[in-house]
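Novice: The numbering of the sequence shown is my numbering, which starts it at 36 and goes up by one.
Sharing a structure below in structure tokens format, with a few things to ask.
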Amino acid sequence: MINGETDVLQAEESLTAEEESDGFILTCCRAAKTDIQLDIEDLGELGDIQTKTLPCRIDSQQFLSDDVVEIVLRTPPANRLEYLPGQYVDMIGNDGLRRSYSIANAPREDGKITLQIRKVEQGKMSQYWFEEAKANDLLRMEGPLGTFCMRKNNASQLILLATGTGIAPIKAMLEQLATTPEANAYSHIHLYWGGRTEKDIYWRPCFESLPLTFTPVLSRTPDWQGRKGYVQQAVIDDGHNLSDAVVYACGSEAMIHSAHKQLVVAGLNNKHFYSDAFVSSN
Ligand SMILES: Cc1cc2nc3c(=O)[nH]c(=O)nc-3n(C[C@H](O)[C@H](O)[C@H](O)COP(=O)(O)OP(=O)(O)OC[C@H]3O[C@@H](n4cnc5c(N)ncnc54)[C@H](O)[C@@H]3O)c2cc1C
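If you want it as structure tokens, here you go:
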């Protein structure tokens, strides 16, 4: 916030102390008392997108690894979901249980939505997806949600970071860049995907039209011949010119916090870091 006065309606718990001292506010937690001036990004692309709740059925399901299942959902032809690649939906079960999942594909002609879901031990919704879900099950989804989507900027390097099923929205963004070449102004795209073991790297990017380098990074496989450790360290070790880069990161909160901190120290513009953390709902 540049100037003006506001009342705090609710504690801004997700802001760090540093962000607070830099003058960041959460507009959803405040009410304006006077005219205020804000330094905010134009998210005009999201203006035409409406969040709605719609019925959907499981079209198909397929295991991508022993603990990740891909669920394809179909919506009524007259009631499709309009969204930007990177956004997520809330899936609502029959008992009202609700969990967020990123959409793993760019919009398709048939309107189908793909999710990549990791099994969480003792997880309530995991139990449904891994033990009960079957083709034609009727569910509801609310979406699209979130602001994790490609923004216009002047950087020439695009750096994509994912851990685990955080690859889902990144895959959707890459599909968008591959099918709309005019949207891709980047001379290099670097994708880093972190997992613990080789089975966590359950998908291979295949986008011949994109200037893409893919680096899988494993944290718990000592005899792995590729990159070991964490994705954020791999980016720094590769010595990219971060002052000319934009970063999109999705997956664990730990990776996102650490990547944000380390990459900004290494030269990334703070405003060029976009992220979506897979925080647990309880
Ligand atoms: C914006 C957003 C997008 C998301 N997108 C995806 C996605 O595309 N794919 C996906 O697989 N998940 C995604 N998630 C996470 C997902 O919403 C659920 O939190 C997750 O699937 C667990 O739900 P559950 O009902 O099975 O477990 P819960 O019943 O909610 O949790 C059971 C126990 O496990 C713990 N727990 C929950 N999640 C984790 C975790 N990741 N690691 C360790 N412990 C955990 C809980 O604290 C609890 O103790 C996303 C979350 C958010 C906020």
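Virtual Cβ for every residue (Gly too), placed ideally from N, Cα, C.
All values derive from a computational prediction rather than experimental measurement.
Grouping DSSP H, G and I as helix and E and B as strand, with all else coil, what is L298?
Specialist: L298 falls in the helix class under three-state DSSP.
Novice: Could you pull out every unbroken beta strand (DSSP E) segment of at least 3 residues lying fully inside the segment 124–153, listed in chain order?
Specialist: If we require 3 residues or more, the beta strand (DSSP E) runs fully inside the segment 124–153 come out as 133–137 and 148–153.
Novice: Should I291 be listed as close to ligand 1, given that the test is whether its C-beta is under 6 Å from any heavy atom?
Specialist: No.
Novice: At a cut of 8 Å, does the segment 273–281 reach the segment 184–192 through at least three beta carbon pairs?
Specialist: Yes, since at least three Cβ pairs between the segment 273–281 and the segment 184–192 fall closer than 8 Å, the two stretches touch.
Novice: Just to confirm the assignment, what range does the beta strand (DSSP E) spanning D311 have?
Specialist: Note, D311: beta strand (DSSP E), F308 to A312.
Novice: If L180 and D125 are in contact, beta carbons under 8 Å, what's the gap, nearest whole angstrom?
Specialist: That pair is a contact at about 6 Å.
Novice: Does the Cβ of T200 lie closer than 6 Å to at least one heavy atom of ligand 1?
Specialist: Checking every heavy atom of ligand 1 against the Cβ of T200, one is found closer than 6 Å.
Novice: Write down the C-beta distance between E177 and I127 rounded to the nearest angstrom, noting that I regard them as a contact closer than 8 Å.
Specialist: Between I127 and E177 the Cβ distance is about 7 Å, and since that is below 8 Å, they are a contact.
Novice: Can you look up A67 in the DSSP assignment and give me helix, strand or coil?
Specialist: Strand at A67.
Novice: Going by Cα to Cα distance, which pick from F59, K234, T110 and G121 is closest to Q211?
Specialist: Checked all of F59, K234, T110 and G121; the closest Cα to Q211 is G121.
Novice: Pick out whichever of K147, K87 and D235 has its Cα sitting closest to the Cα of L253.
Specialist: Nearest option by C-alpha distance: D235.
Novice: Hey, how far is the Cα of E80 from the Cα of Y118?
Specialist: Taking the straight line from one Cα to the other gives about 10 Å.
Novice: Does the segment 160–176 come close enough to the segment 234–251 to have 3 or more Cβ pairs within less than 8 Å?
Specialist: Short answer: they don't touch.
Novice: Quick check on the DSSP output: the beta strand (DSSP E) that includes L193 runs from which residue to which?
Specialist: Note, L193: beta strand (DSSP E), Q192 to T198.
Novice: With a threshold of 6 Å (Cβ to nearest heavy atom), would Y237 be considered close to ligand 1?
Specialist: No - ligand 1 has no heavy atom lying nearer than 6 Å to the Cβ of Y237.
Novice: Looking at V155 and ligand 1, is the gap between the Cβ and the nearest heavy atom below 6 Å?
Specialist: Yes; taking the cut-off as 6 Å, the Cβ of V155 has a heavy atom of ligand 1 nearer than that.
Novice: Between the segment 196–213 and the segment 279–294, are three or more C-beta pairs nearer than 8 Å?
Specialist: Touching, yes, given that three or more Cβ pairs across the two stretches are closer than 8 Å.
Novice: Once you ignore the five residues that flank I291 on each side, which residues in its own chain have a CB closer than 6 Å to its CB?
Specialist: Here the set comprises A284, S310 and A312.
Novice: Can you tell me which of P246, D172 and W238 puts its alpha carbon nearest to the alpha carbon of A220?
Specialist: Ranking P246, D172 and W238 by Cα distance to A220 puts P246 first.
Novice: Where H307 and R186 are concerned, what is the direct C-alpha to C-alpha distance, given to the nearest angstrom?
Specialist: Roughly 9 Å between the two C-alpha positions.
Novice: Could you spell out where the alpha helix (DSSP H) holding M160 opens and where it closes?
Specialist: Run containing M160: K159 to Q162, per the alpha helix (DSSP H) assignment.
Novice: Alpha carbon to alpha carbon, what distance is there between Y265 and D102?
Specialist: Approximately 21 Å between the Cα atoms of the pair.
Novice: Between the C-alpha atoms of V43 and V107, what's the straight-line distance to the nearest angstrom?
Specialist: The straight-line gap from Cα to Cα measures roughly 41 Å.
Novice: Whole angstroms are fine: how far does the CA of A269 sit from the CA of R262?
Specialist: The alpha-carbon atoms of R262 and A269 are separated by roughly 7 Å.
Novice: Residues in its own chain within less than 7 Å of Q45 by CB, not counting five upstream and five downstream?
Specialist: Contacts found: C64.
Novice: Any heavy atom of ligand 1 within a distance shorter than 6 Å of the CB on I152?
Specialist: Yes - ligand 1 has a heavy atom lying nearer than 6 Å to the Cβ of I152.
Novice: Sort M208, G230 and D258 by Cα distance to V282 and report the nearest one.
Specialist: The candidate whose alpha carbon is nearest that of V282 is M208.
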